[in-house]
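S.K.: There's a structure below that I have some questions on.
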Amino acid sequence: MLGSLFYKIFNVLSVIYITLRSLIVAKCVMIRGDLGRLDFSSNPTLKIQFIRDPRKIICFVTVIVKCFTFRSQHQCYYRSYALIKLLRRLNFDVNFNVGLRNLTTLDDPVRGHCWLTFKGRPVFEFDRASLDLYPLKLDVAPNGIVYWVGKNDKNVIREKKTKGTS
Amino acid sequence: MEISAKSTFNIPESVAWRNVNDEIVILKLKSGEYYTLNEVGQQIWHAISEQKDVESITKHIVNLFDVTYEKALEDVMKFLDNMLKESMVSLNEI
Chain A
1 MLGSLFYKIF NVLSVIYITL RSLIVAKCVM IRGDLGRLDF SSNPTLKIQF IRDPRKIICF
61 VTVIVKCFTF RSQHQCYYRS YALIKLLRRL NFDVNFNVGL RNLTTLDDPV RGHCWLTFKG
121 RPVFEFDRAS LDLYPLKLDV APNGIVYWVG KNDKNVIREK KTKGTS
Chain B
167 MEISAKSTFN IPESVAWRNV NDEIVILKLK SGEYYTLNEV GQQIWHAISE QKDVESITKH
227 IVNLFDVTYE KALEDVMKFL DNMLKESMVS LNEI
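Listed below in structure tokens is the structure:
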């Protein structure tokens with residue numbers, strides 16, 4: 001009984017520590033503007049023990065990230081990085097994806113999104129339709145980040161209208 | 167090493183690029199920086215990827231755009247210099 005309680009408390013504290021540390025690293029990398037510095041390796045000396053339901057941990061991490069980044073426009077980036085650091089410790093081989101669109105137009109601002117994939121399929125994405133905005137895979141960086149690019153928003157709207165009328 | 171008329175260039179593996187919306191998007195994989203090129207830059211980039219030398223690139227630009235050879239050469243050299251500084255291309259040793 002005490003042992004079980006100890007592991008629960010240990011897991012909660014570990015998750016909080018991992019998440020906050022990830023947020024600090026992610027913020028530093030964002031300030032430097034160099035995604036190549038993101039590291040996705042997991043620290044083997046700090047494992048989370050006896051997890052029954054990873055989904056509870058994922059929800060917990062999401063809440064922590066939202067609390068600390070509620071004013072940020074880059075929540076997807078922080079959330080994805082915090083989750084990947086956690087999930088790699090749980091031996092889930094997820095991948096970090098970055099997409100940008102509106103790169104070739106001055107009419108709309110450049111927009112982007114970060115998300116995770118597992119075996120090629122997006123995970124923990126509440127708005128899967130937003131991933132359709134980044135259909136073109138560019139390449140995979142040495143640190144494992146998968147880069148995508150999307151069309152300009154106005155072109156996408158025009159194509160949809162054309163399909164709708166044809 | 168200085169750029170000469172017969173210099174050719176390589177696009178390193180750490181640089182990825184694709185045609186998007188009839189324009190070119192370039193990505194430096196190490197840093198995650200995205201770049202886009204204007205119309206002239208795209209022509210130069212395509213020529214670089216085909217291993218054309220500086221002289222051929224300049225003549226290609228002159229053929230496509232209403233510009234003198236000297237002006238085209240100046241623009242091409244400036245473009246290549248910037249690409250070299252950003253490590254987006256590397257100079258082939260003759």
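Heads up: the sequence lines are chains A and B, in that order.
At position 140 of the first sequence (counting the first as 1) the number is 140 in my numbering, and the numbers step up by one without a gap.
When you read off a place in the second sequence, starting at 1, and then add 166, the result is the number in my numbering.
Just so it is clear, CB atoms sit at the ideal spot from N, CA and C, and this is done for glycine as well.
Just so we're clear, the structure is a prediction, and the values are computed from it rather than from any experiment.
#1: Compare the Cα-Cα distances from L20(A) to each of G36(A), L106(A), L86(A) and C114(A) and report the closest residue.
#2: Please classify E199(B): does DSSP put it in a helix, a strand, or coil?
#3: Cβ of V206(B) within 8 Å of Cβ of L195(B)?
#4: Strictly below 7 Å CB to CB, what residues from chain A border A238(B)?
#5: Terminal residues of the continuous alpha helix (DSSP H) containing A26(A)?
#6: Alpha carbon to alpha carbon, what distance is there between E199(B) and R71(A)?
#7: Indicate whether at least one CB of chain B lies closer than 8 Å to the CB of A151(A).
#8: Let me make sure I understand the geometry here. Which of L13(A), L106(A), K27(A) and S130(A) has the alpha-carbon closest to that of F60(A)?
#9: Out of D53(A), G99(A) and K119(A), state which residue places its alpha-carbon closest to the alpha-carbon of H74(A).
#10: Are the beta-carbon atoms belonging to E189(B) and T174(B) less than 8 Å from one another?
#11: For E221(B) versus K251(B), is the C-beta distance shorter than 8 Å?
#12: Please return the same chain residues whose Cβ sits closer than 8 Å to the Cβ of R88(A), not counting the five positions on each side in sequence.
#13: Taking 7 Å as the limit between beta carbons, can you name the residues of its chain near Q217(B), skipping five residues before and five after?
#14: Mind pulling the chain A residues with CB within less than 9 Å of V191(B)?
#15: Is the CB of P142(A) under 8 Å away from at least one CB in chain B?
M.R.: Taking the geometry as given:
#1: Here residue 20(A) corresponds to residue number 20 of the first sequence, with the count starting at 1. Comparing Cα-Cα distances from L20(A) to each of G36(A), L106(A), L86(A) and C114(A), the minimum goes to L86(A).
#2: Residue 199(B) sits at position 33 when you count from the first residue of the second sequence. Looking at E199(B) - three-state DSSP - the assignment turns out to be strand.
#3: In the second sequence, the residue the question calls residue 206(B) occupies position 40. In the second sequence, the residue the question calls residue 195(B) occupies position 29. No.
#4: As a first step, residue 238(B) must be located in the second sequence, where it is residue number 72. Correct list: empty, because the minimum Cβ distance to chain A is about 23 Å.
#5: As a working mapping, residue 26(A) is identified with position 26 in the first sequence. Note, A26(A): alpha helix (DSSP H), L2 to R32.
#6: The residue you call residue 71(A) lines up with position 71 of the first sequence. The residue you call residue 199(B) lines up with position 33 of the second sequence. Whole-angstrom Cα-Cα distance: 24 Å.
#7: Translated into the one-based positions of the first sequence, residue 151(A) becomes position 151. What sits at residue 151(A) in the sequence shown is Lys, not Ala. With 8 Å as the cut-off, K151(A) counts as an interface residue toward chain B.
#8: Start at 1 with the first residue of the first sequence, and residue 60(A) comes out as number 60. Cα-wise, what sits closest to F60(A) is L13(A).
#9: The residue labelled residue 74(A) in the question sits at position 74 within the first sequence. The residue with the shortest Cα to Cα distance from H74(A) is G99(A).
#10: For the purposes of this step, residue 189(B) is taken as the residue at position 23 of the second sequence. For the purposes of this step, residue 174(B) is taken as the residue at position 8 of the second sequence. The answer is no: Cβ separation not under 8 Å.
#11: Counting from 1 along the second sequence, the entry for residue 221(B) is found at position 55. Counting from 1 along the second sequence, the entry for residue 251(B) is found at position 85. Going by C-beta atoms, E221(B) is not nearer than 8 Å to K251(B).
#12: Indexing the first sequence from 1 puts residue 88(A) at position 88. Within the same chain, R88(A) has close Cβ partners F40, S41, S42 and V94.
#13: On the second sequence, residue 217(B) is found 51 positions in, with the first residue counted as 1. Closer than 7 Å at the Cβ level, and outside the excluded window around Q217(B), lie T174.
#14: Here residue 191(B) refers to the residue found at position 25 when the second sequence is read from its first residue. Correct list: L100, L103, T104, L136, L138 and V149.
#15: Locating residue 142(A) in the first sequence gives position 142, where the first residue counts as 1. Chain B contact via Cβ: present.
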